[in-house]
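In the numbering used here, the protein residues as written are -3 to 447.
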């Protein structure tokens, strides 16, 4: 079990953590016809928008209630009301997802009460779903905001029912899953003859497609009607520990069985997922999945020569940290430094001696001499200073193309991840002489063997 520590520093150096409002807004982007709105200052919204645009390289629909000094002191209900009315008038969204920020949370406004009042006195909002989620910047990180937003959508929109649609399954997707991951998951579930409703579904809205016309809201993703009927599914598959609260609420509303998967990366983890799908569908895994599993086994055999004995420094949100660290250690590598952004029950299960809830400075301080750094694009400076190669994972990735199409889940995704990381090791493995032997040779004046 990892020792989880949270060092108290006077300041954060090269932060790893992304804010909870940003995570909540990202979740709302996975709903068709939604317009995420941050209840706070324009600067809060602009900062999050820049990160999303640079990562996905798409036009991102985002709105703000534009709080200023006066409205922050006197209360922001008028700003919130006017923002909702303007959005409905101009963009005609099917849903407005509203995330609070530290600015309004610090004042202590009754935002849920304000939302009820705004809807009651404005008939124009009758046909628009309004979902509010409590996401102050100073509590939690990106995956916490995402988790709260998904739970809020189920709480506000999903209808209580005991009716069932045969073959339909609810898939609650964590923030660590890319659009490419979700496409792979949808295909795996479909291979069993099952029909998934994925919430949120970024593979429908931010998968890099080009719409026929400009649209002021999110385009593609989970429909509001599907969210309302989510309780009719025969089972719930929660992908990531962060989805457990939303899955528990869905089970309370519908009575459906819930299966929580902490990760879908790695042979054993995918086998567990496939086993559950077999039980739900009442059929064996199709031949193509068995073939993909065989390919993964071969990839593991090929790759273990290059993973074995390697040291890795890893920084990521908790669920992604567990998924990647689990695969690396299964392949024979050692996690010497593990850094994450926020508290989570899965941190105890990370295969490392210690997990630090900190920043990328903590990663850099412990990563000297490692064979690989793994984190998002903000780790590139540490990589350059240490002379250690960087494998980019997580959000944001703004200095590479195709981040939304990365896939690291399922048999195929795990196979491709092994090859991608293995090739990084191979590309940078110029010296075949062990470090201890090389040091002895250098002290003796001999030249170490070179590739």
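Beta carbons: idealized from backbone N, C-alpha and C, even for Gly.
Only a predicted model underlies this, so the values are computations on that prediction, with no experimental measurement involved.
Taking just the CA atoms, how far does residue j sit from residue i?
| i | j | result |
| --- | --- | --- |
| residue 240 | residue 253 | 12 angstroms |
| residue 451 | residue 171 | Nothing about residue 451 can be read from this structure; the chain reaches only from -3 to 447. |
| residue 157 | residue 58 | 33 angstroms |
| residue 424 | residue 16 | 36 angstroms |
| residue 401 | residue 116 | 42 angstroms |
| residue 304 | residue 316 | 21 angstroms |
| residue 293 | residue 82 | 55 angstroms |
| residue 242 | residue 136 | 17 angstroms |
| residue 444 | residue 421 | A caution first: residue 444 carries a pLDDT of 44, below 50, which makes its placement in the model too unreliable to give a value. |
| residue 283 | residue 132 | 47 angstroms |
| residue 382 | residue 336 | 20 angstroms |
| residue 27 | residue 261 | 25 angstroms |
| residue 318 | residue 279 | 30 angstroms |
| residue 302 | residue 419 | 8 angstroms |
| residue 330 | residue 324 | 7 angstroms |
| residue 326 | residue 410 | 12 angstroms |
| residue 338 | residue 13 | 8 angstroms |
| residue 93 | residue 35 | 10 angstroms |
| residue 4 | residue 348 | 21 angstroms |
| residue 8 | residue 353 | 11 angstroms |
| residue 216 | residue 344 | 37 angstroms |
| residue 120 | residue 89 | 12 angstroms |
Can you tell me where the alpha helix (DSSP H) holding residue i begins and where it ends?
| i | result |
| --- | --- |
| residue 22 | 16 to 24 |
| residue 211 | That residue, residue 211, is in no alpha helix (DSSP H); it is neither H nor E in DSSP. |
| residue 257 | Per DSSP, residue 257 belongs to no alpha helix (DSSP H); it is in the beta strand (DSSP E), 254 to 257. |
| residue 168 | Taken as a continuous stretch (DSSP letters only), residue 168 belongs to no alpha helix (DSSP H), being part of the beta strand (DSSP E) at 164 to 169. |
| residue 46 | 38 to 52 |
| residue 422 | 406 to 423 |
| residue 116 | 107 to 116 |
| residue 351 | Note, residue 351: premise wrong, no alpha helix (DSSP H); beta strand (DSSP E) at 350 to 353. |
| residue 314 | 314 to 326 |
| residue 378 | 376 to 382 |
| residue 201 | 198 to 201 |
| residue 224 | 220 to 224 |
Residue i by DSSP, collapsed to three states: which one?
| i | result |
| --- | --- |
| residue 58 | coil |
| residue 124 | coil |
| residue 281 | coil |
| residue 80 | helix |
| residue 364 | coil |
| residue 295 | helix |
| residue 4 | coil |
| residue 143 | helix |
| residue 63 | coil |
| residue 237 | helix |
| residue 96 | strand |
| residue 101 | helix |
| residue 9 | coil |
| residue 370 | strand |
| residue 187 | coil |
| residue -3 | coil |
| residue 68 | helix |
| residue 206 | coil |
| residue 174 | coil |
Looking at the secondary structure, which residues open and close the beta strand (DSSP E) in which residue i lies?
| i | result |
| --- | --- |
| residue 388 | 386 to 388 |
| residue 195 | 191 to 195 |
| residue 31 | 30 to 35 |
| residue 310 | 307 to 311 |
| residue 334 | 330 to 336 |
My assumption, with CB atoms under 8 angstroms, is that residue i sits in contact with residue j. Please give the rounded CB distance.
| i | j | result |
| --- | --- | --- |
| residue 129 | residue 148 | 4 angstroms |
| residue 371 | residue 312 | 6 angstroms |
| residue 154 | residue 224 | 6 angstroms |
| residue 367 | residue 405 | The Cβ separation is near 24 angstroms, so there is no contact. |
| residue 448 | residue 193 | The requested residue 448 is not part of the displayed model; the chain covers only -3 to 447. |
| residue 268 | residue 236 | Actually they are not in contact, since the Cβ atoms of residue 268 and residue 236 sit about 14 angstroms apart, beyond 8 angstroms. |
| residue 75 | residue 63 | 6 angstroms |
| residue 23 | residue 142 | 5 angstroms |
| residue 230 | residue 276 | 7 angstroms |
Do residue j and residue i count as a contact pair if the criterion is CB distance below 8 angstroms?
| i | j | result |
| --- | --- | --- |
| residue 99 | residue 37 | yes |
| residue 375 | residue 397 | no |
| residue 482 | residue 346 | What the structure shows of the chain is the stretch from -3 to 447, and residue 482 is not part of that stretch, so it cannot be assessed. |
| residue 146 | residue 178 | no |
| residue 80 | residue 20 | no |
| residue 199 | residue 182 | yes |
| residue 51 | residue 387 | no |
| residue 226 | residue 246 | yes |
| residue 369 | residue 384 | yes |
| residue 380 | residue 363 | no |
| residue 342 | residue 359 | no |
| residue 238 | residue 164 | no |
| residue 213 | residue 47 | no |
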